[in-house]
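Trainee: Protein chains in written order, with my numbering: chain C, -3 to 413; chain Z, 13 to 550; chain A, 2 to 88; chain P, 91 to 273. Once you've had a glance at the structure underneath, I'll fire off some questions.
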Amino acid sequence: MRFSGWQILKEGLTGNHGWRPHWRDPAPKPEYDIVIIGGGGHGLSTAYYLAREHGLTNVAVLEKGYLGGGNVGRNTTIVRANYNLPGNSEFYSHSLKLWEGLSQDLNYNVMFSQRGVLNLFHSDGERDYAARRGNSMAIQGDDAVLLDREGVRRIVPYLDFDNPRYPIHGGLLHPRGGTARHDAVAWGLARGADARGVDLIQNCEVTGIDIDRGRVTGVQTVRGPIRAKKVGIVVAGRSGQVAAMAGLRLPVESHILQAFVSEGLKPVIHHVITSGVGHFYISQSDKGGLVFGGALDMYASYAQRGNLPGAEHVMEAAMHVMPMIGKARVLRSWGGIMDMTPDGSPIIDRTPVDGLYIDCGWNYGGFKATPASGFAFAHLLATDRPHASATRFRLDRFRTGRGIMDEEGAGAQHNLH
Amino acid sequence: MILAGKGRIDRSARLDFRFDGRALSGAPGDTLASALMANGVTLVGRSFKYHRPRGILTAGSEEPNALVTVGQGAHRAPNTRATVQELFDGLEAVSQNRWPSLRWDVLAVNDLAAPFFGAGFYYKTFMWPRRFWKAVYEPAIRRAAGLGALDGGHNPDRYERAFAFCDVLVIGGGPAGLMAALTAARGGADVILCDEAPEPGGRLRFETGEIDGMPGADWAAQVTAELRTMDNVRLMTRTAVTGAHDDGTYGALERVALHLRDPGAAPLECFWRIVARRAVLAAGALERPVAFAGNDRPGVMMAGALRAYVNHWGVAPGRRVAVFGNGDDVARTAHDLAAAGLEVVAAIDSRPDAARGGDWAHHPGSVVCGTAGGRDGLEAVTIRKPGGETIRLACDALAMTGGWNPSVHLACHLGGRPQWDAARAAFVPRPGMVPGMDAVGAAAGDFSTAACLAGGIAAGNAALSALGRAAQAIDAPAAEDAPYAIAPLWSVPGKGRAWLDFQNDVTVKDVLLAAQENYASVEHMKRYTTQGMATDQG
Amino acid sequence: MRLPCPLCGSRDHREFTYQGAAVMLDRPAPDAGAEAWDSYVHLRDNPAGATRELWYHGAGCGAWLVVARDTVTHAVFGAELARQVRR
Amino acid sequence: MVELTASAPFDAGMERTIGAVTLRAAETGPVTALMPYAGQERALSAALERAHGLEFPAAGRMTSAGQARCLWSGLDQAMLIGVEPDPALADHAAVVAQSDGWAALTLTGDAVADVLARLVPVDLRPAAFEQGASIRSELGHMMVILARTGPQQVTVMGFRSMAGTLLHELENAMTALAARPKG
């Protein structure tokens, strides 16, 4: 069924009885060409692009819970292409282009809202870095506008420009960045993959990876064994455990990132605003909630919940940067599990096991990568060659020292990004 | 309207306030909601999506409808629950989500287009032409979003954070919490008792039952007075425990000066980080609405809330009241209303064997299947009798009860899942969901007052023994011990829209549509319909 | 979370800084080879469950601690001074 | 040559009473960090005893004798306050003059614990923070030493460079506490 305004009109007039399931609930087949472990955003995206770009539809996505229940369901919905280093720049640039056509492509409105991402800077040194980053973005073909203090004030007058702790010197505006309705992204990709014949299998936890003489042969699941020619691991937040089933250790440590949403308020924030040094970022959803977050909780965790010091740190920063927020009430908070790598950049690569591939290490920024990650991983799974946008996301780059993309220049440290 | 001579607050003193510019008055002890009711105001807000007229549904922090903006300029606080905001002289409140006025709201037209605005409709359209999303569709959607508005100016008010440490944290000061605190305190433990109301007592403040031969409210006041004399007890009123975190750390928000006209240098609110070796969850229970067509009309209220307005505040939403539900609370409510001098036009109980509770029209095995009235409130309800025939009954208000849901929220904060209790038709906490925390009383599914009192003593003693202190021999006071008699009633079939989530405007039809489209996982259902995602958590 | 500092007693984790898995105490020999050093610097077991980590009590006594903790439940089993763990 | 004038962290004799707490600038006299060398803890303690009549404090404790006090201040570290250190201490410990590095205040009154509860994330109930206790924690975002110097008196030592912030934080907490509605 194709979605459209006419369809809504027709159904609305006839009692809405004609709407069909957006995806099937198939039983797992004994064998697939490709098994994807993980039905989160990146896993569903991989399946979608395998079918759409490569015509590969004898594919199963195995999800231990419900579709879209990983980090695609627990983030702050920000989409941007404002990276500084080769490797990341072209990848996120590609991702943004995919985002721009995603709703039409999926025939599912993911509410991609290019409202602009504004990175504030609070010192001269930060201004220099913002200018450099803006130039990198422009060279890549993305958009960036360096705003001075008055330029920022014109578009977001409600900030505290004279806060003694974080005085606002200006900002780097990335007009094509914005937000998307995160659940809709997962559901639209699921519907698109299902419609092309991919089996999306929920409540199907993988318990083992079968390897015979260095080559993957399938997986063990709570619903029985499934044979596969190729297996892709796309399980941000559980990458270490699933990789360990194949005897692999990863350059990944899992951390918690909390986020918050306020009660519904009339539109007041029309951009995505971030303050790097303040550890604070915010946008307002189309429903009216102020969606905001800050830094990691800074310890290893799989608990999907944060702790009070982390929450208080975010609230403090919010009050410094945007004092009006003190009159909003927090409605809900959540925590995602972040695959932190030593350089803060992701991994899309083959593993030492033949036929086993991995897509992980998205740190705290996997949402915006959802289409491009699936696109690149599908390309790798289908062709055994990395996609041109993702050639540097090598699993072995820390051992070889070649191709490390450390955006923050902090050196190898799993928890400093 | 005011029920002369009824209620427990003194209406001889007068506080002036304004609602949407209208000068009104109430009394010390009123909430904004009870004061509006005293003045005959029934229409207090507009709903989120369909801009339906909405009235007061509850008498507590769970209120989904009666959200208003209080204060002015950068001091103004949007989405304030009228049911929690205490009245003070000079209070200024305005209604939200309406233009140009609460009575004449242009976007009420959305309600007419409801068949096209079902769950997730926006995922299926607004995609062509592509540039219209940014230029036309999204701006229109955004303009309709939200309820209250921030001022945009810098918040000039003062806030505070603080730490506290104790042996036993008691969350909720109803009968269970009071007894738990008293027991633990008599055993020598350092106790903190938090209650979100201005005074402890919980439902005892609102009901007519007796404890040890005195009104429950008086008994609660007496225990509270004893706790106040004890050096090892810290009584924190107006304080809602908001979070259970790791290792016995709890977050709690105290409304320090939100009930004052001029807070001076005092903080409006204080956020407490409370570290407790043991905790007792005595947060009570929340009454469930019943989903029937038109159940969101002003004048339809929770039965327990209506009892609270009548018994505690001495006000009522109308003279002629019908009561509808699926348990013994129907008769209890009818009894209280009749005793306050209101006309009980019908007691409608879905159970065929429901006992006649008193001298009023009794409709066993019947349900309410529709409501009628204008934007200012209810004029009639339609009752479907066991044989299927329907009768229309004129009334000003309808009290509804679908049973009670234990307030298990804090018990779930560390990822634990509550368990379904079929006999109570509700989720109850499992032991150990939060290490060191025991649920007790209505929060554990024990709904009789006697069970709450006994459970409180047991929880206090359990905490003492966990702390290595001697248990206290305390006799449970004498109180009502009625069994919890209820037959599940989730929704009344029939035409028309029946609200499940008042604040997010989610109806039974939305949930059915989501299931039809295979959003069957409870998480998919929640996220697709937004059911249960507003402040009232559905 | 609260961590049981051997010197200061039970303290809120806001006083501490997390450093990472306690494998960092087992520094390879300078000539141990690239694999050993890659493993030491970059690779992690990253367990979902019991783990041992280094925390610094920066807003307290200033000691480095080895904390035994569960990454799924956040249960803290104990803490010792890192210098005692390293002999 | 430029004449350098020593200036105190707080005005001499500063004293503020807000609500049930009085805040005073504390005269510490000399402040010296003592950091015993490995294996020298007992020898240092003996030397302290001989020279100043007090022992090196256990973790979380304070010792005193006459004008001299020794406040535990961290792993292998204590602050000797009120006397010039005996040169013999240097045989067993790193001895570092820190008189100009610290600012000290005393808080006295019924509500001292309530004021500090606004700022310090540590259990300061009498049973957990008894007379003679000296602990290290944070006050707001600043590192401090807190010592219970009387039943209703706590001495707070913060870094000299943060003296103004320390005073501001405490006065703020005292003001807000005193302004709370009663009952």
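Virtual Cβ for every residue (Gly too), placed ideally from N, Cα, C.
Taking Cβ-Cβ distances shorter than 8 Å, what residues in chain A pair up with P:Gly150?
Mentor: If you number the fourth sequence from 1, residue 150 of chain P lands on position 60. The contacting residues are Leu8, Cys9, Gly10.
Trainee: Start and end of the beta strand (DSSP E) containing Z:Ile153?
Mentor: Position 141 of the second sequence, counted from the first residue, corresponds to residue 153 of chain Z. That residue, Z:Ile153, is in no beta strand (DSSP E); its alpha helix (DSSP H) goes 150 to 155.
Trainee: Helix, strand or coil for C:Val28, going by three-state DSSP, please let me know.
Mentor: Here residue 28 of chain C is taken as the residue at index 32 of the first sequence, counted from 1. As written in the sequence, residue 28 of chain C is Tyr, which differs from the Val given in the question. Strand, per DSSP.
Trainee: Please report the distance separating the alpha-carbon of Z:Leu426 from that of C:Val268.
Mentor: Here the question's residue 426 of chain Z lines up with position 414 in the second sequence. Here the question's residue 268 of chain C lines up with position 272 in the first sequence. The alpha-carbon atoms of Z:Leu426 and C:Val268 are separated by roughly 30 Å.
Trainee: Among all the DSSP beta bridges, which residues are the ones paired with Z:Met226?
Mentor: Here the question's residue 226 of chain Z lines up with position 214 in the second sequence. DSSP output for Z:Met226 lists Z:Ile223 as bridge partner(s).
Trainee: Could you say which of A:Ala76, A:Val67, A:His75, A:Val77 lies nearest to A:Arg87 if we only look at CA atoms?
Mentor: For the purposes of this step, residue 87 of chain A is identified with residue 86 of the third sequence, where counting begins at 1. Nearest C-alpha to A:Arg87: A:Val67.
Trainee: Assuming Z:Trp502 contacts Z:Asp308 (C-beta within less than 8 Å), just tell me the rounded distance between them.
Mentor: The sequence position of residue 502 of chain Z within the second sequence is 490, counting from 1. The sequence position of residue 308 of chain Z within the second sequence is 296, counting from 1. Between Z:Asp308 and Z:Trp502 the Cβ distance is about 16 Å, and since that is not below 8 Å, they are no contact.
Trainee: On a Cα-Cα basis, can you pick out the residue from Z:Leu524, Z:Gly399, Z:Thr92, Z:Pro76 that is closest to Z:Ala517?
Mentor: As a first step, residue 517 of chain Z is located in the second sequence; it is residue number 505 there, counting from the start. This sequence places Asp at residue 517 of chain Z; Ala is not what is there. The candidate whose alpha carbon is nearest that of Z:Asp517 is Z:Pro76.
Trainee: Check whether chain P comes within 8 Å of A:Arg90, counting only Cβ atoms and requiring the distance to be less than that.
Mentor: This structure cannot speak to residue 90 of chain A, because chain A is shown only from 2 to 88.
Trainee: Just the Cα atoms here: how many angstroms apart are P:Arg238 and Z:Leu99?
Mentor: Taking the first residue of the fourth sequence as position 1, residue 238 of chain P is located at position 148. Taking the first residue of the second sequence as position 1, residue 99 of chain Z is located at position 87. Their backbone Cα atoms lie some 43 Å apart in a straight line.
Trainee: I believe Z:Leu405 touches Z:Val357 by the beta-carbon criterion, under 8 Å. Please report the beta-carbon distance rounded to the nearest angstrom.
Mentor: In the second sequence, the residue the question calls residue 405 of chain Z occupies position 393. In the second sequence, the residue the question calls residue 357 of chain Z occupies position 345. Correct: roughly 6 Å between the Cβ atoms.
Trainee: What would DSSP say about Z:Asp117, mapped onto helix, strand or coil?
Mentor: By 1-based counting over the second sequence, the position of residue 117 of chain Z is 105. Looking at Z:Asp117 - three-state DSSP - the assignment turns out to be strand.
Trainee: According to the Cβ coordinates, are C:Lys67 and C:Ile333 closer than 8 Å?
Mentor: The sequence position of residue 67 of chain C within the first sequence is 71, counting from 1. The sequence position of residue 333 of chain C within the first sequence is 337, counting from 1. Lys is not the amino acid found at residue 67 of chain C; the sequence shown has Asn there. Closer than 8 Å, so yes.
Trainee: Looking only at its own chain, which residues have a Cβ that is under 6 Å from the Cβ of A:Cys9, when we skip the five neighbours before and after it?
Mentor: For the purposes of this step, residue 9 of chain A is taken as the residue at position 8 of the third sequence. Gly61, Cys62.
Trainee: Taking the DSSP output, what are the residues bridged to P:Val244?
Mentor: Walking along the fourth sequence from the start, residue 244 of chain P turns up at place 154. The partner list for P:Val244 (beta bridge, DSSP) reads P:Leu197, P:Arg238.
Trainee: Residues in the same chain with beta-carbon distance under 6 Å from Z:Ala497, minus the five sequence neighbours each way, listed in chain order, please.
Mentor: Counting from one through the second sequence, the residue named residue 497 of chain Z turns up at place 485. Cβ within range, chain order: Gly339, Asp340.
Trainee: Using 10 angstroms around the beta-carbon of C:Asn131, count the other beta-carbons present and answer buried if the total reaches 16, otherwise exposed.
Mentor: Numbered from its first residue, the first sequence carries residue 131 of chain C at position 135. Exposed, because fewer than 16 other Cβ atoms sit within 10 Å of the Cβ of C:Asn131.
Trainee: Start and end of the alpha helix (DSSP H) containing C:Ala406?
Mentor: Translated into positions along the first sequence, residue 406 of chain C becomes position 410. Careful: C:Ala406 lies outside any alpha helix (DSSP H) and carries neither H nor E.
Trainee: Any residues in the segment 22 to 51 of chain Z with a beta carbon nearer than 8 Å to a beta carbon of chain A? Which ones, in chain order?
Mentor: Per Cβ criterion, the list is empty.
Trainee: Which same chain residues end up closer than 6 Å to A:Arg41 when comparing Cβ atoms and leaving out the 5 residues on each side of it in sequence?
Mentor: Position 40 of the third sequence, counted from the start, is the residue given in the question as residue 41 of chain A. Note on identity: in this sequence residue 41 of chain A is Tyr, with Arg being the wrong assignment. Result list for A:Tyr41: Pro29, in chain order.
Trainee: Just the Cα atoms here: how many angstroms apart are C:Ala70 and C:Arg328?
Mentor: Here residue 70 of chain C is taken as the residue at index 74 of the first sequence, counted from 1. Here residue 328 of chain C is taken as the residue at index 332 of the first sequence, counted from 1. Here residue 70 of chain C is Arg; the residue named in the question, Ala, does not match the sequence. The straight-line gap from Cα to Cα measures roughly 11 Å.
Trainee: Roughly how many angstroms lie between the CA atoms of Z:Arg89 and Z:Gly160, to the nearest whole one?
Mentor: Residue numbering aside, residue 89 of chain Z sits at position 77 when the second sequence is read from its first letter. Residue numbering aside, residue 160 of chain Z sits at position 148 when the second sequence is read from its first letter. For the sequence presented, residue 89 of chain Z should be read as Ala rather than Arg. Going from the Cα of Z:Ala89 to the Cα of Z:Gly160 covers about 8 Å.
Trainee: Listed from N- to C-terminal order along the chain, which residues in the segment 255 to 276 of chain Z have their beta-carbon within a distance smaller than 9 Å of any beta-carbon of chain P?
Mentor: Listed by position along the chain: Val268, Ala269, His271, Leu272, Pro275, Gly276.
Trainee: State the DSSP-derived secondary structure class of Z:His375, mapped to helix, strand or coil.
Mentor: By one-based count along the second sequence, residue 375 of chain Z stands at place 363. It is a strand residue.
Trainee: Residues of the segment 210 to 226 of chain P in Cβ contact with chain Z at a cutoff of 9 Å, in chain order, please.
Mentor: The residues in question are Val210, Pro211, Val212, Asp213, Leu214, Arg215, Ala217, Ala218.
Trainee: For P:Ala269, return the contacting residues in chain Z, with the cut-off set at a CB-CB distance below 7 Å.
Mentor: Residue mapping note: residue 269 of chain P aligns to position 179 of the fourth sequence, counting from 1. Those are Gly276, Ala277, Ala278, listed as they occur along chain Z.
Trainee: Mind pulling the chain Z residues with CB within less than 7 Å of P:Thr265?
Mentor: Walking along the fourth sequence from the start, residue 265 of chain P turns up at place 175. The answer, in chain order, is Ala277.
Trainee: Compare the beta carbon distance of Z:Ile286 and Z:Leu410 with 8 Å and say whether it is the shorter of the two.
Mentor: Residue 286 of chain Z sits at position 274 when you count from the first residue of the second sequence. Residue 410 of chain Z sits at position 398 when you count from the first residue of the second sequence. Not in contact: Z:Ile286 and Z:Leu410 (Cβ atoms no closer than 8 Å).
Trainee: Starting from the C-beta of C:Tyr88, find all residues in its chain whose C-beta is less than 6 Å away, skip the five residues before and the five after it, and write them out in chain order.
Mentor: Stepping through the first sequence from its first residue, residue 88 of chain C is reached at position 92. Here the set comprises Ala77, Tyr79.
Trainee: May I ask which residues mark the beginning and end of the beta strand (DSSP E) holding C:Asp271?
Mentor: For the purposes of this step, residue 271 of chain C is identified with residue 275 of the first sequence, where counting begins at 1. The sequence given here places Ser at residue 271 of chain C; Asp does not occur at that position. Looking at the DSSP string, the run of the beta strand (DSSP E) that includes C:Ser271 is 268 to 271.
Trainee: Please give me, in chain order, every unbroken run of the beta strand (DSSP E) with length at least 3 that falls completely inside the segment 34 to 59 of chain C.
Mentor: Those beta strand (DSSP E) runs which fall completely within the segment 34 to 59 of chain C and span 3+ residues are 55 to 58.
Trainee: Is A:Thr91 helix, strand or coil when you go by DSSP?
Mentor: A question about residue 91 of chain A goes unanswered here, because the residues of chain A that appear run from 2 up to 88.
Trainee: Have a look at P:Thr265, P:Arg151, P:Glu145 and flag the residue whose alpha-carbon is nearest the alpha-carbon of P:Arg106.
Mentor: Here residue 106 of chain P is taken as the residue at index 16 of the fourth sequence, counted from 1. Nearest option by C-alpha distance: P:Thr265.
Trainee: Given a threshold of 16 other Cβ atoms within 10 Å of its Cβ, counted over all protein chains shown, does Z:Val393 qualify as buried or as exposed?
Mentor: Taking the second sequence and counting its residues from 1, the one referred to as residue 393 of chain Z is at position 381. It is buried - the Cβ of Z:Val393 has at least 16 other Cβ atoms within 10 Å.
Trainee: Say whether chain C places a C-beta atom closer than 8 Å to the C-beta of A:Val73.
Mentor: If you number the third sequence from 1, residue 73 of chain A lands on position 72. Closer than 8 Å: yes.
Trainee: Can you tell me which of the three DSSP states Z:Glu75 falls into?
Mentor: Position 63 of the second sequence, counted from the start, is the residue given in the question as residue 75 of chain Z. Coil, per DSSP.
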